[in-house]
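Peer 1: Every letter in the sequence shown is one number past the one before it in this note's numbering, and letter 224, counting from 1, is 375.
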Amino acid sequence: MKTIYYRHNKAQQPAKSIGKEICPFNELTFVLKGNLKYIINDKAIIVNENDCIFIRSGSYRERSLEKGCDYVSFNFESKIEKNFPVLFKDCLTSEIKLLFNVCDDIFEKYYEWSEKIDNILKLIFQILFDKIATNQENPVIVSIKRLIKENLDKKLTLSFIANQVGYSPNHCEALFKKETGNSILSFVNNERIEKSKLLIAEGLLPLKEIAEVVGFDDYNYFSRTFKIKTGYPPTKYRDYINKKAL
Numbered sequence: 152m153k154t155i156y157y158r159h160n161k162a163q164q165p166a167k168s169i170g171k172e173i174c175p176f177n178e179l180t181f182v183l184k185g186n187l188k189y190i191i192n193d194k195a196i197i198v199n200e201n202d203c204i205f206i207r208s209g210s211y212r213e214r215s216l217e218k219g220c221d222y223v224s225f226n227f228e229s230k231i232e233k234n235f236p237v238l239f240k241d242c243l244t245s246e247i248k249l250l251f252n253v254c255d256d257i258f259e260k261y262y263e264w265s266e267k268i269d270n271i272l273k274l275i276f277q278i279l280f281d282k283i284a285t286n287q288e289n290p291v292i293v294s295i296k297r298l299i300k301e302n303l304d305k306k307l308t309l310s311f312i313a314n315q316v317g318y319s320p321n322h323c324e325a326l327f328k329k330e331t332g333n334s335i336l337s338f339v340n341n342e343r344i345e346k347s348k349l350l351i352a353e354g355l356l357p358l359k360e361i362a363e364v365v366g367f368d369d370y371n372y373f374s375r376t377f378k379i380k381t382g383y384p385p386t387k388y389r390d391y392i393n394k395k396a397l
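1. Quick check: the region 305-321 against the region 183-199, are there 3 or more CB pairs under 8 angstroms?
2. What first and last residue would you give for the alpha helix (DSSP H) that runs through Ser224?
3. When the Cα atoms are used, what is the spatial distance from Ile351 to Cys220?
4. DSSP three-state call for Glu232: helix, strand or coil?
5. Can you tell me the Cα-Cα spacing of Asp281 and Cys242, whole angstroms?
6. Check this for me: beta carbons of Thr154 and Asp256, under 9 angstroms apart or not?
7. Starting from the C-beta of Phe399, find all residues in its chain whose C-beta is less than 6 angstroms away, skip the five residues before and the five after it, and write them out in chain order.
8. Check the Cβ-Cβ distances between Lys188 and every residue of chain C, and say whether any is below 9 angstroms.
9. Let me check understanding here. Comparing Cα to Cα, which of Pro165, Ser334, Gly170 lies closest to Asn186?
10. Identify whether Cys254 lies in helix, strand or coil by the three-state DSSP scheme.
11. Considering Tyr157, what are the terminal residues of the beta strand (DSSP E) in which it resides?
12. As a quick exercise: from Phe176, Asn333, Asn341, Lys161, pick the residue whose alpha carbon is nearest that of Lys378.
13. For Arg214, does the count of other Cβ atoms within 10 angstroms reach 16, so buried, or fall short, so exposed?
14. Taking the alpha carbon of Ser210 as the point to measure from, which residue in Tyr222, Val316, Ala284, Tyr189 has its own alpha carbon closest?
15. Taking the alpha helix (DSSP H) that Cys242 falls in, what are its first and last residues?
16. Relative to the C-alpha of Thr416, which residue among Lys394, Glu345, Ala362 is closest?
17. Ordered along the chain, which non-local residues of its own chain (more than five positions away) have a Cβ less than 7 angstroms from that of Lys300?
18. In whole angstroms, what is the alpha-carbon distance linking Glu360 and Lys305?
19. Runs of 4 residues minimum, wholly inside the region 278-354: which ones carry the alpha helix (DSSP H) assignment?
20. Sort Leu279, Leu326, Thr285, Leu272 by Cα distance to Tyr156 and report the nearest one.
21. Note the first and the last residue of the continuous beta strand (DSSP E) segment covering Phe205.
22. Using a threshold of 9 angstroms, state whether the C-beta atoms of Tyr224 and Pro175 are closer than that.
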């Protein structure tokens, strides 16, 4: 994946119009506020708040001038699976917004920003493909995963999770294991570590505070779990991320 262009257009800046043309690269654009109006291969598409549009290289693309739109756009070269939608509604997650902040920081600080943003764009696509898979999952599994992701800072036990989704602990655990191959508490730890990696990359919080934010009361336990999942203790991972950003 090679990023050619990155832009975060703030709401106070008009979104520039694009005349009808053949798009020479892939475009992935997210709308954070307002909307964008495109015509792709002669089909009108409105991208609303929290949606994204994916335009494949070689498509006919046209966009009208819009005011008050906050959007993030990536132009890049890469092969993307055919099942990825042109318009992806309600796809913007807190994790993706956090990654936009990292992209903004990289774009502002580094002359050679492209390779660094390549890695973030890969993460964004991973989140989006996970979301596509989630849309096809058993509704109970979707509810369990959503509950976990929205409550990582809380004490999450199997009994608490089962009670919230309205099934017995044994039923939830057996179904989750069958559908995902993981136990519920293993998924909890995986999500906590993934969120901690994003927070470490953002660089705004000390490690002990990150551990608390993602639901670890004991920093030593957080550190051991982090190393098991990533191969690095948190301090080494932070050093690795900082080194890559140089």
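Think of the CB as a built atom: it goes at the ideal place given N, C-alpha and C, for glycine as much as any other residue. Because the structure is a prediction, the values reported are computed rather than measured.
Peer 2: Judging by the given coordinates:
1. no
2. Taken as a continuous stretch (DSSP letters only), Ser224 belongs to no alpha helix (DSSP H), being part of the beta strand (DSSP E) at 221-228.
3. 29 angstroms
4. coil
5. 11 angstroms
6. no
7. Past the boundaries of the shown model lies residue 399; the chain is included only from 152 to 397, so the question cannot be answered.
8. Structure shown: chain C not included; a single protein chain is present.
9. Pro165
10. helix
11. 153-160
12. Asn341
13. buried
14. Tyr189
15. First-last for Cys242: undefined, no H or E at that position.
16. Because the chain spans 152 through 397 in this model, residue 416 falls outside it and cannot be assessed.
17. Glu342
18. 14 angstroms
19. 290-301, 309-316, 320-331, 335-353
20. Leu272
21. 203-206
22. Looking at the sequence itself, residue 224 is Ser, so the reference to Tyr does not match. In this structure, Pro175 does not lie closer than 9 angstroms to Ser224 by Cβ.
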